[in-house]
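Step one of this worksheet: look at the structure below.
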Amino acid sequence: MLRHTPFHPRTAALMEAQQWRRWSGFLVASAYEMSHEREYHAIRSSAALFDVSPLKKYSVSGRDASRLLDRIVTRNVAACQPCQVLYTPWCDSRGKVVDDGTLHRLGEDHYRLTSAEPNLSWLHDNARGMRTTIEDVSDSIAALSLQGPLARAILEHAAQRDFKTLKYFRLTNASIGGASIVISRTGYTGDLGYEVWIDAADALPVWDALMDAGEPYGITPAGMLALDIARIEAGLILLDVDYVSARKALIPAQLSSPFELSLGWTVKLDKGSFNGAHALREEQAKAPEWMLVGLEIEWPSFERVFESLGLAPRLSATASRVSVPVYADGRQVGYATSSTWSPLLKRFIALAHLEAPFVSPGRSVEFEITVEHRRHRANAKVRTLPFYDPERKRA
Amino acid sequence: MTMNGSRTRYDAIVIGGGHNGLVCAAYLARGGKKVLVCEKRHLVGGAAVTEEIHKGFKFSEFSYVVSLLRPEIIRELELPRHGLHILPLESTVTPMPNGNYLAAWGDHDESQRELYRHSPLDAERYDDFGIMMHHMAHAVKPILAMLPPDPTSLSPRELLALARFGGHLRSLGEARFYALHKLMTMSSADYLDEWFETDVLKATKSASGIIGTFLGPRSPGSAYVLLHHYMGEIDGAFRAWGFQKGGTGGVSEAIAGAARAFGAEVKLEAPVTNVIVKNGRAVGVAVGQGDEYYADVVVSGLDPKRTFLGLVEEKALPGDFLTSIRRFKARGSSGKVNLALSELPRFTCMEPENIARWGGVHIPAARYLRGAVSVSPTLEYVEIAYDDAKHGAFSRRPYMDVVIPSMIDPSMAPPGQHVMSIFCQYAPFNITGGWDDAKREAFGDAVINALAVFAPNIKQAIIARQVLTPADIERVTGLTEGNIFQGELALDQLFFLRPAAGYAKYRSPIDRLYQCGSGTHPGGGIMGASGRLAALTMLRDWPA
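These protein sequence lines are chains A and B, in that order. Counting along the first sequence from 1, when you hit position 309 you're at 309 in our numbering, and nothing is skipped either side. Counting along the second sequence from 1, when you hit position 487 you're at 487 in our numbering, and nothing is skipped either side.
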């Protein structure tokens, strides 16, 4: 049976359409309402509240905590200030990505690492001989994500304090609904947003306080269908959808390096030795063979395929996680792993892995579409990521 | 920018910064032209504006929803980049006189179950009706992006265009072609009578067909507008039907942003007093206190009457054209009441115990307030509302389309408070004795009273109210007789007859004077198609 998150009594009461899905063995909402569209628009127009408790969370503390984490992740942990958060992937010794997540420096010698998959043994195996305490806090810490242009106003109202000075990828302690919490200015939507880290025992009072404070601002509990669209617009990748963990890859073709996922900016080769550094140094020297890019499927071309069959164009309102071939020069040159109609941008967009010669922005390629059981190709153009990057995200 | 320190010179001058004028300007600028837009008000948008009439409360003063804004315009002008953000408006609830209600939800199954409560037969026919309307809309929709062909011309280009048009209609097949003919000629009430038995359903659907026209649901020719809604659904994948974040002014601002990004200049508080015509050719405009601007071409986004009877000397125009323009019907028939509210209205019919009494499905509190409430309880109600107007009075109990924008976008009002937009019909421009302050307030009272029948707490919730009669709409926006479409969308004023036979292709009897407003094909709503087609025509014609 699937497990319930600490917010389940509240989320279950809101669920109108019984649209649940599983996430790391937990039951989470796909959409509370009959359609996810309003939940999506809340992310971009007011504020959406997500239960992200199923994230894996690890507490890493002790004198060697920084040293351990610097050995594991590609970014420079030593340069991370207390109350700062880093987004980072981590690699195996071949320089292939194992997982990605956020690293929160809670204190001088205390960090919290979030990830999609279990990483406890990965942390332990790398910590041999180091003075660190590693704890899986996935169950003891509940998490909410409040995302959207009014997220700050709602938090300020709920916590009765100012969050103007809380910068992008920084965190702070606060109190909401009588509970002590940590608030980080992070999220998975590419918008102004915050994640709230809560002792599981305090989950419901914090949910209630946020919902009460948010009501006049249009706070909208939202599910994974809405989140999936927003994260594609933000150009954010998802493990098991856009790439396979190096720990699970069955054949070399399933492996991805950070460079191939267009995460080269997270690889700090000058910081000293870390897992995969040698391989990554070599790869950087000869340039990656693949890159993750944005694609925009050109609507007139998409529409023409339907018109030729006497149909009006039709496109699912939800994001697709089906891998789609991408062609150029008469052959397949890559594949898109996530695609969606962007209700905000009014564009049909995708995240695609293309061979290096085809990745320059503006490059024309073809995107496979299936209409009336037959395969067709629509024109698409390579775009830089993210598709959507509002100023308020960092402001 | 001045040349030789004297007159400012442009490639094109657009008169009026309404949404079509701005679309036209954006396309001309995108085509490399140096463009000036002259807007008489302190903000762009014409009838698509957002104003803070009462502090903290933003009103989409006139036009309040985005319906058929063309996908190609959104795409080609990159409007989302300039702030276009259309939020879904999902449901319509119609309160009934006996306390029951009819709801149409965003979800098909929910809507079908709701209609089944009223009539199991209608619930099933509704899908058949939808499929037939979809087919017709699909066949007719290309007209929106088409230059109207001249049916009297024998030139190859015109014949080809006519043939293509005929081809679209033939693609319908025989049965649907006849259905289309009926749709084009019947009254919406008669047309819906052929399909449905539920009066409140017919009342609500036919009401959407009489918006902005001086017709009642039983007037022949009112059925065709039903098609407009289904044309919107053809673009359904594009999801461009709804409520603009920040109000409809946001659409205008986005288009203006695109126009500026392409290099167009927008002058505010620059009312054009006349088009300067030399040797039968438009060469510029005179603005406000005597400034003059010159350009190769001039295009007016104002309605045909205002353009040709107001900005051009009569002697510059042929007599038959003048007659056509004078006869062009712009009978304003609708008004607007905008409210600032301290609390949400509570419609009695949607109280949980009332829903239960009528066997309706429980819905989460306030869900219906994110959609429209249509005050169209019976066909008779709407027809009687029209009867009042026929005889020179405003409707004592008007048809109303009510939305609460702050429920869709909380930034429209201070936290916890709300704005309400009430589109009301009928309020004839030519009311007996003319509009004055007393009549305006009496009309506002009639609207509030008619609404209070269904939402009794509305009166105590009002913090401020703005009542706009057709006379006010004309005074503020310049729309002749306050007609929201710049001239009725009646069959005798559409396609190659909009606004006048022989001048439906955005040109005019004056060389290099064009028209781009909603008074030209296809017109109507925040669509932008007129502005785009006008600009494309001008760029094709461009003087060497």
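Note that beta-carbon positions come from the ideal geometry of N, C-alpha and C, so glycine has one too. Quick caveat: nothing in here was measured; it's all calculated off a predicted structure.
- Taking the C-beta atoms as reference points, residue 171 (chain A) is found no nearer than 7 Å to residue 110 (chain A).
- At least one C-beta of chain A is nearer than 7 Å to the C-beta of residue 416 (chain B).
- In the three-state reduction of the DSSP assignment, residue 424 (chain B) falls in the strand class.
- Counting only the Cα atoms, residue 337 (chain A) lies some 6 Å from residue 241 (chain A).
- Legend: CB atoms of the segment 392-409 of chain B lying less than 9 Å from CB atoms of chain A belong to residues 406, 407, 408 and 409.
- Among the bridge pairs identified by DSSP, residue 184 (chain A) is matched with A:171 and A:195.
- Of all residues in the segment 295-315 of chain A, the ones placed with a Cβ closer than 7 Å to any Cβ belonging to chain B are 299, 312, 313, 314 and 315, in chain order.
- Around residue 288 (chain B), the same chain offers 269, 270, 271 and 273 as residues with beta carbons nearer than 8 Å, after the five sequence neighbours per side are excluded.
- Assigned with DSSP and collapsed to three states, residue 188 (chain B) falls in helix.
- The Cβ-Cβ distance between residue 230 (chain B) and residue 137 (chain B) falls below 7 Å.
- Ranking A:75, A:25, A:148 and A:238 by CA distance to the CA of residue 185 (chain A) puts A:148 first.
- Listed in chain order, the non-local C-beta contacts of residue 305 (chain A) below 7 Å within the same chain comprise 369, 371, 376 and 378, local neighbours out to five positions each way being set aside.
- Using beta-carbon distances, residue 366 (chain A) does not count as an interface residue toward chain B, since no partner is under 7 Å.
- With its beta carbon at least 7 Å from every one in chain A, residue 217 (chain B) lies outside the interface.
- When C-beta distances to chain B are compared with 7 Å, the residues of the segment 210-231 of chain A below that value are 216, 217 and 218, in chain order.
- For secondary structure counted as the alpha helix (DSSP H) over 4 or more consecutive residues, the segment 108-195 of chain B holds these complete runs in sequence order: 108-118, 120-140, 156-170, 174-185 and 188-193.
- The beta carbons of residue 447 (chain B) and residue 266 (chain B) sit about 35 Å from each other, so the pair does not count as a contact at 8 Å.
- Burial is judged here by how many other beta carbons sit within 10 angstroms of a residue's own beta carbon; residue 253 (chain A) has fewer than 16 and is exposed.
- Under the Cβ distance rule, residue 138 (chain B) counts among the residues neighbouring chain A, one pair being separated by less than 7 Å.
- The segment 24-38 of chain A makes no contact with the segment 322-339 of chain A; the number of CB pairs closer than 8 Å stays below 3.
- DSSP lists B:286 as the bridge partner or partners of residue 292 (chain B).
- The beta carbons of residue 49 (chain A) and residue 176 (chain A) sit no closer together than 7 Å.
- Under a 10 Å Cβ-count criterion, residue 421 (chain B) is classified as buried, with 16 or more other Cβ atoms of the shown protein chains found around its own Cβ.
- Under the Cβ criterion (8 Å, minimum of three pairs), the segment 459-468 of chain B does not count as touching the segment 494-501 of chain B.
- In this structure, the straight-line span from the alpha carbon of residue 366 (chain B) to that of residue 88 (chain B) is close to 15 Å.
- At least one CB of chain B lies nearer than 7 Å to the CB of residue 34 (chain A).
- Your pair residue 301 (chain B) and residue 14 (chain B) checks out as a contact, with CB atoms roughly 6 Å apart and the cut at 8 Å.
- Contacts between residue 372 (chain A) and chain B, judged by CB atoms closer than 8 Å, are missing: the closest CB pair is about 15 Å apart.
- If one requires a minimum length of 4 residues, the alpha helix (DSSP H) runs lying completely within the segment 438-477 of chain B are 458-461 and 470-477, in chain order.
- Residue 107 (chain A): member of the beta strand (DSSP E) spanning 97-107, first to last residue.
- Closer than 8 Å at the C-beta level to chain A, one finds these residues of the segment 238-268 of chain B: 238, 239, 240 and 245.
- Straight across, the Cα-Cα distance linking residue 362 (chain A) with residue 383 (chain A) is about 6 Å.
- Within the segment 312-353 of chain B, the complete alpha helix (DSSP H) segments of 4 residues or longer fall at 319-327, listed in chain order.
- Residues of chain B whose Cβ lies closer than 8 Å to the Cβ of residue 150 (chain A) are, in chain order, 410 and 411.
- In the three-state reduction of the DSSP assignment, residue 372 (chain A) falls in the coil class.
- With fewer than 16 other beta carbons inside 10 angstroms of its own, residue 353 (chain B) counts as exposed.
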